[in-house]
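Enquirer: After the structure tokens below, expect a handful of questions from me.
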Amino acid sequence: MTTNPFELYRVETPEGITITYTPAGLVSCSLAAMVDYVVMLALFVTGLVTIIIVGRVGHEDVIGALLALLAFAINWGYYVIFELIWNGQTPGKRLLRLRVIREGGTSG
113 MTTNPFELYR VETPEGITIT YTPAGLVSCS LAAMVDYVVM LALFVTGLVT
163 IIIVGRVGHE DVIGALLALL AFAINWGYYV IFELIWNGQT PGKRLLRLRV
213 IREGGTSG
């Protein structure tokens with residue numbers, strides 16, 4: 113039995129309102145992830161250039177540590193910060209008009 117990829121899901125909220133939604137497909141989710149990775153790469157390159165320009169004194173160990181911290185902060189903080197301030201949306205999801213919701217239709 114195959115399922116229709118454009119199947120509509122209907123959820124009734126506790127307030128008695130029926131919400132109808134279509135789950136996002138593989139392509140739209142992948143495109144949103146690619147947009148997010150491009151934004152993260154741009155943030156990293158901007159930080160990299162800034163650290164290199166500021167750190168021209170010759171402290172390679174400090175520059176390496178700062179780059180590691182920058183990579184960690186972008187990799188872990190990007191999704192957390194955007195999903196907190198934009199109610200479950202990263203720039204990629206917002207651009208493609210995707211939203212994370214729970215099975216019951218409430219925000220995820």
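Residue numbers (the numbering used here): 113 to 220.
The C-beta atom is built at its ideal place from N, Cα and C for all residues, glycine as well.
For P131, report the span of its alpha helix (DSSP H) as first-last.
Expert: Contrary to the premise, residue 131 reads as Ile rather than Pro in this sequence. Premise fails: I131 lies in the beta strand (DSSP E), T130 to Y133, not in any alpha helix (DSSP H).
Enquirer: Tell me whether T130 is buried or exposed, calling it buried when 16 or more other Cβ atoms sit within 10 Å of its Cβ.
Expert: It is exposed - the Cβ of T130 has fewer than 16 other Cβ atoms within 10 Å.
Enquirer: CA-CA distance, F156 and G167?
Expert: The straight-line gap from Cα to Cα measures roughly 16 Å.
Enquirer: Are the beta-carbon atoms belonging to G159 and I186 less than 9 Å from one another?
Expert: Yes, these two residues count as a Cβ contact at 9 Å.
Enquirer: Taking DSSP's pairing of strands, which residues face Y121 in a bridge?
Expert: Note: Y121 sits in a beta bridge opposite Y133.
Enquirer: Mind checking who I163 pairs with in its DSSP beta bridge?
Expert: In DSSP, I163 forms no bridge with anything.
Enquirer: State the Cα-Cα distance for the pair A144 and I164, rounded to the nearest angstrom.
Expert: So the two alpha carbons sit approximately 30 Å from each other.
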